[in-house]
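Under the UniProt record's numbering, the residue at position 178 of the sequence shown is numbered 178, and the numbers go up by one with no gaps.
I have placed the structure first, in the form of C-alpha cells, so that the comments after it can refer back to it.
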Amino acid sequence: MAATEAEADIHLDGVSKRFGEMTAVDDLTMSIPRGSFYAMLGPSGCGKTTTLRMIGGFEDPTAGKVYLGGADVTQHPPYKRDVNTVFQSYALFPHLSVEKNVAFGLERKKIGKSEALKRAHEALELVQLDHVGKRKPAQLSGGQQQRVALARALVNRPRALLLDEPLGALDLRLRKQLQIELKRIQQDVGITFVHVTHDQEEAMSMADTIAVMNGGKIEQAGSATDLYERPRTAFVANFLGISNLIDAKVTGDQRVTTHDGAQLHAPECAGLTGDVRIGVRPEKITLVPAGEAVPDGSNVLKGKILVAAFLGVSIQYVIQAAGGEELNVFAQNFSGSEPEALAVGREVQLVWRPEHTFVVERG
Ligand code: ATP
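Structure representation (C-alpha cells):
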C-alpha cells in the first residue's frame, strides 16, 4: 500500500540521525497512510526505535523533516504532536487505580473529572478491561497492565499511536493473544498504528505494511505477502523466513542458468542481464525421486537428501543441490510417516513453478 506524500498521515522526508560518528538512521524517506497498521521490522540496532522517537518528538533529526497530517512538526516537542507512544515498560502510576491511570492525561488537559472517567471507561472497554477499573496496576497481570497502557494512550484519540516493542516483556502465549487483540483494536479505532518489533511473525500477523530496516535504511516496504513472496534483497529474504538463494546467470528472456547447468524459468528476470541471485521458499518446492516425471514447465534442480527432519505435520528436508547450495524443503506429510523414496542419501529433483522464483540481486 503505497501512500502519496499528500495522503500520508506520517511522512518522513530525508530524515537522518547521527549520534557522534554513528549514523543510526540514514536519509530515510517514508510515508505511512492514515489508518494503517505499519510495522517497522529489523534486527537490534537497525534504527527502528530512533525512527519512532523522531516521529514522537523525543529525538531531533540531524537532517530531514517530519510531517504529521501534512504539517511540518520537525521542531515541535512531543506534547505538541498529536501522537502517543506505548513503550515496552508500561510506566503506569502504581498508586492510582486503573481508571485513574487512564483518565490522568485527560484531567491534565482540563477535561472535567466525570467526563474524563467516562472516556477512561470507554477506552478500557476497547481493551476489554472495563471490569478492573478500580484495581491498582499491581493487581493485574503483565498483559493486562500493557492493555491499560494502551487504553491510556488511546483515551484522547490521538492521530497516531507509536508502539515500541509493546509486547516484548510478555511471555509467548500472551504475546500471541495480544497481537490479535492489538490488530482488532486498531481496526476498531481506525487510527494509524506504527509498531516497532524485531519479531517477523509479530509484524506479519498484524501489519498492513511492513518496512524492513537494516543499517538505518528501509530495505523494502510492502505487505507481508509481498515481502515474503517477492523479497528484493537477500537481507529481506533471510529475515522473513528461509530463502534458498541460488547464484545464476541470465541466459535468455526470463531464463537463467545455474552453476551446474540447470536451466530455470524466472519471470522476474525479465529485462535483466549478467549475474543474478534467485530464490524460492521451502514450501513452494516439491521433492520428486530422481528419474520420475515432473509437470511440464516446472523448474527442476537435482540434489541429494542430507537431512530429513520429521516434524509431524510436515517434514523438513535439507538438500545438497548439484550446484553446491544447501536448500531447504518443507513437505506436507500426508501419510504420517517419512516416505521411503525420500530417505537420507536419495537422489531427488527439486521441482517448483517458475512464478515462485524471486530475484534478490540483479545483474
Ligand atoms: P533495538 O531493537 O535493539 O532497540 P533498534 O533497531 O531500535 O534496536 P535503535 O535503538 O534505533 O535501534 O539504535 C540504532 C543505533 O543507534 C544503535 O547502534 C544504537 O546503539 C545507536 N543509538 C541509539 N540511541 C543512541 C544514543 N542516545 N546515543 C548513542 N547511540 C545511540
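Ideal placement from N, C-alpha and C gives every residue a C-beta, glycine not left out.
Taking C-beta atoms as the reference points, residue 348 and residue 305 count as a pair closer than 8 Å. Within its own chain, the residues whose Cβ lies closer than 6 Å to the Cβ of residue 193, once the five positions on either side in sequence are excluded, are 37, 161 and 186, listed in chain order. Distances from the alpha-carbon of residue 33 to those of 146, 211 and 25 put 211 closest. The three-state secondary structure of residue 308, taken from DSSP, is strand. Here residue 262 carries a coil assignment [DSSP, helix/strand/coil]. Where residue 220 is concerned, there is no enclosing alpha helix (DSSP H), although the beta strand (DSSP E) around it starts and stops at 217-222. The continuous stretches of beta strand (DSSP E) do not include residue 273, and DSSP gives it neither H nor E. Sixteen is the threshold: when 16 or more other Cβ atoms of the shown chains lie within 10 Å of the Cβ of residue 258, as they do, the residue is buried. Taking 7 Å as the cut-off, one finds no heavy atom of ligand 1 near enough to the beta carbon of residue 344. When the Cα atoms are used, residue 297 and residue 170 turn out to be separated by approximately 48 Å. Ranked by Cα distance from residue 146, the first of 275, 269, 101 and 250 is 101. The alpha-carbon separation between residue 62 and residue 236 amounts to approximately 27 Å.
Beta-bridge partners assigned by DSSP to residue 72: 67. Counting along the chain, residue 349 sits inside no alpha helix (DSSP H); it lies in the beta strand (DSSP E) bounded by residues 347-352. Set against 7 Å, the gap from the CB of residue 89 to the closest heavy atom of ligand 1 is not smaller. Residue 195 has 39 and 163 as its beta-bridge partners, per DSSP. Taking a 10 Å sphere around the C-beta of residue 144, we find 16 or more other C-beta atoms and assign the residue as buried. Per DSSP, the unbroken beta strand (DSSP E) holding residue 26 starts and ends at 22-33.
Residue burial annotation: residue 276 is buried, with at least 16 other C-beta atoms found within 10 angstroms of its C-beta. By the C-beta criterion, the segment 44-57 is judged not to be in contact with the segment 114-134, since fewer than 3 inter-stretch pairs fall below 8 Å. Within the chosen limit of 7 Å, ligand 1 does not reach the beta carbon of residue 237 with any heavy atom. One alpha carbon belongs to residue 293, the other to residue 246, and they sit about 23 Å apart. CA-to-CA, the gap between residue 29 and residue 354 works out to about 34 Å. Using a C-beta cut-off of 8 Å, the segment 219-234 makes no contact with the segment 68-78, since fewer than three inter-stretch Cβ pairs fall below that distance.
Judged by their CB atoms, residue 137 and residue 148 are nearer to each other than the 8 Å cut-off.
Around the beta-carbon of residue 31, 16 or more other beta-carbon atoms lie within 10 Å, marking it buried.
Assignment of beta strand (DSSP E) within the segment 111-189, counting only whole runs of 3 or more residues, yields 160-164 in chain order. Counting of Cβ neighbours within 10 angstroms places residue 19 among the exposed residues, the total staying below 16.
Out of 76, 166, 157 and 43, the CA that lies nearest to the CA of residue 86 is found in 166. Proximity of the beta carbon of residue 204 to ligand 1 is not indicated: no heavy atom of the ligand is located closer than 7 Å. Exposure of residue 177 is indicated by the presence of fewer than 16 other C-beta atoms within 10 angstroms of its C-beta. For ligand 1, no non-hydrogen atom lies closer than 7 Å to the CB of residue 56. Contact annotation: residue 282 and residue 214 have beta-carbon atoms that are not nearer than 8 Å. Cβ contact annotation for residue 307 (same chain, cutoff 8 Å, sequence separation greater than five): 316, 317, 318 and 344, in chain order. In the same chain as residue 75, and ignoring 5 residues on each side of it, no C-beta atom comes closer than 6 Å to its own.
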